[in-house]
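Enquirer: Let me begin by handing over the structure; questions about it come next.
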Amino acid sequence: MSATPSPLQPSDPDRSGTENSAPDLGQLPDRLVPDFIAHWVVKTARSAEMIDWYGHVFGARVVHEDNQIAFLTWDHESHRLALVKLPPPVRFAFPLSRWRRKTYGIDHLAFTFTSVEKLLLTYERLTKVGISPVWSINHGPTTSLYYEDPEGIRLEFQTENFPTAQGTAEYFTSADFAENPIGTDIDPDYLLEQLRAGVDREQLLRRGAGTRPGTKPRSNKRAITWKTL
Ligand SMILES: [Fe+2]
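In terms of numbering that gives the first Met the number 0, the sequence shown is residues 0 to 228.
Following this line, the structure appears as structure tokens:
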């Protein structure tokens with residue numbers, strides 16, 4: 000179970016009745032905010048590599064492509080990702096662009112898997128096609144695998160470690176969190192081995208569960224290196 004269930008979306012079969020209707024203009028809530036993330040757009044000089052990568056990672060399909068733009072989706076949204084195509088040589092004009100996120104601006108986008116099984120089986124599937132995480136860590140609230148697309152955009156694939164939002168909220172006020180707010184690196188292959196050996200899911204999500212016996216993982220600030228930053 001996810002501690003933070005995804006918001007109801009237009010194609011969600013659970014969405015029914017009043018949730019689908021327009022708000023009562025006479026009784027608007029105090030604060031209206033967007034309902035969910037729809038898509039993001041990337042200006043890229045590597046559009047072919049990006050389409051291939053998102054095809055492998057998200058099962059993305061191209062719904063429109065011309066020589067200026069491509070729209071990709073992998074669910075009910077018309078597009079989840081749009082690629083604005085730049086001439087390939089433009090990449091040489093911004094040789095440090097993929098390092099920008101290490102120092103300034105948006106760091107990553109995070110995507111939740113509703114079970115640790117889904118997260119680890121995705122890890123296994125992607126490893127087989129040569130796509131590996133740049134950082135694997137149990138943050139405490141989540142177990143997270145970070146990937147980078149061909150433009151260096153970082154995507155966090157995560158699953159919640161606590162079964163309820165209340166459990167997560169309480170963890171943020173705990174001594175464990177105060178002592179180590181970053182988390183402890185994990186070995187996803189070791190977690191997969193334990194999953195296949197029948198180890199309880201809750202056990203796999205505990206901090207330290209991803210540490211292969213005989214190894215010493217990086218924890219807290221030591222987990223942040225030039226590679227993982
Ligand atoms: Fe994150």
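Note that the Cβ used here is the ideal one computed from N, Cα and C, for glycine as well.
Beta strand (DSSP E) containing A69: first to last residue?
Expert: Start at 1 with the first residue of the sequence shown, and residue 69 comes out as number 70. Residues I68 to T72.
Enquirer: Please find out if some non-hydrogen atom of ligand 1 comes closer than 7 Å to the beta-carbon of A109.
Expert: Within the sequence shown, numbered from 1, the residue matching residue 109 stands at position 110. Checking every heavy atom of ligand 1 against the Cβ of A109, one is found closer than 7 Å.
Enquirer: Compute the minimum distance between the beta carbon of E159 and the heavy atoms of ligand 1, and state whether it is under 7 Å.
Expert: Counting from 1 along the sequence shown, the entry for residue 159 is found at position 160. No, the beta carbon of E159 sits no closer than 7 Å to any heavy atom of ligand 1.
Enquirer: Within 10 Å of its beta-carbon, does K127 have 16 or more other beta-carbons around it, so buried, or fewer, so exposed?
Expert: Within the sequence shown, residue 127 is the residue found at index 128, counting from 1. It is exposed - the Cβ of K127 has fewer than 16 other Cβ atoms within 10 Å.
Enquirer: If you reduce the DSSP assignment to three classes, tell me which class W225 lands in.
Expert: Within the sequence shown, the letter at position 226 stands for residue 225. Here W225 sits in coil by DSSP.
Enquirer: Can you check whether the CB of T111 is closer than 8 Å to the CB of T142?
Expert: Looking up residue 142 in the sequence shown gives position 143. Looking up residue 111 in the sequence shown gives position 112. Taking 8 Å as the Cβ cut-off, T142 and T111 do not qualify as a contacting pair.
Enquirer: For A123, which residues from the same chain have a beta carbon less than 8 Å from its beta carbon, with the 5 sequence-adjacent residues on both sides left out?
Expert: Residue numbering aside, residue 123 sits at position 124 when the sequence shown is read from its first letter. The question names Ala, yet the displayed sequence has Glu at residue 123. Excluding positions up to five away in sequence, the list reads L191.
Enquirer: Using three-state DSSP, classify T158 as helix, strand or coil.
Expert: Along the sequence shown, read from residue 1 onward, the residue named residue 158 stands at position 159. In this structure, T158 counts as strand in the three-state DSSP scheme.
Enquirer: So what's V83 in DSSP terms, helix, strand or just coil?
Expert: Along the sequence shown, one-based indexing puts residue 83 at 84. V83 falls in the strand class under three-state DSSP.
Enquirer: Buried or exposed: where does I185 fall if 16 or more other Cβ atoms within 10 Å of its Cβ makes it buried?
Expert: Along the sequence shown, one-based indexing puts residue 185 at 186. By the neighbour-count rule (16 or more Cβ atoms within 10 Å), I185 is buried.
Enquirer: Consult DSSP for A174 and reduce its assignment to one of helix, strand or coil.
Expert: In the sequence shown, residue 174 corresponds to position 175, counting from 1. Reduced to three states, the DSSP call for A174 is helix.
Enquirer: Tell me the rounded alpha-carbon separation between Y145 and Q26.
Expert: Position 146 of the sequence shown holds residue 145. Position 27 of the sequence shown holds residue 26. Near 42 Å, if we compare the C-alpha coordinates of Q26 and Y145.
Enquirer: With H, G and I counted as helix, E and B as strand and the rest as coil, what does DSSP make of L190?
Expert: Translated into the one-based positions of the sequence shown, residue 190 becomes position 191. L190 falls in the helix class under three-state DSSP.
Enquirer: Rounded to the nearest angstrom, what separates T214 and I136 at their Cα positions?
Expert: Indexing the sequence shown from 1 puts residue 214 at position 215. Indexing the sequence shown from 1 puts residue 136 at position 137. So the two alpha carbons sit approximately 15 Å from each other.
Enquirer: Once the 5 residues before and after K220 are set aside, which same chain residues still bring their CB inside 8 Å of it?
Expert: Within the sequence shown, numbered from 1, the residue matching residue 220 stands at position 221. I181, listed in sequence order.
Enquirer: Does the beta-carbon of A222 have 16 or more other beta-carbons within 10 angstroms, so that it is buried, or is it exposed?
Expert: Mapped onto the sequence shown, residue 222 falls at position 223. Label assigned to A222: buried.
Enquirer: Would you kindly work out how many angstroms separate the C-alpha atoms of T113 and D34, rounded to a whole number?
Expert: Looking up residue 113 in the sequence shown gives position 114. Looking up residue 34 in the sequence shown gives position 35. Computed Cα separation, rounded: 19 Å.
Enquirer: For R45 and R90, which I take to be in contact (beta-carbon distance under 8 Å), what is that distance rounded to the nearest angstrom?
Expert: Looking up residue 45 in the sequence shown gives position 46. Looking up residue 90 in the sequence shown gives position 91. Yes, they are in contact, since the Cβ atoms of R45 and R90 sit about 7 Å apart, within 8 Å.
Enquirer: With H, G and I counted as helix, E and B as strand and the rest as coil, what does DSSP make of S77?
Expert: Working through the sequence shown from its first residue, we reach residue 77 at position 78. S77 falls in the coil class under three-state DSSP.
Enquirer: For V115, which of helix, strand or coil comes out of DSSP?
Expert: As a position in the sequence shown, residue 115 is number 116, starting the count at 1. Helix, per DSSP.
Enquirer: Leaving out five residues before and five after S218 in sequence, what residues of the same chain have Cβ atoms less than 8 Å from its Cβ?
Expert: Counted from its first residue, the sequence shown places residue 218 at position 219. For S218, where only same-chain residues beyond five positions count, the Cβ hits under 8 Å are N179, I181, G182, T183 and D184.
Enquirer: Can you give the Cα-Cα distance for E76 and H38, rounded to whole angstroms?
Expert: By 1-based counting over the sequence shown, the position of residue 76 is 77. By 1-based counting over the sequence shown, the position of residue 38 is 39. Each residue's alpha carbon lies about 8 Å from the other.
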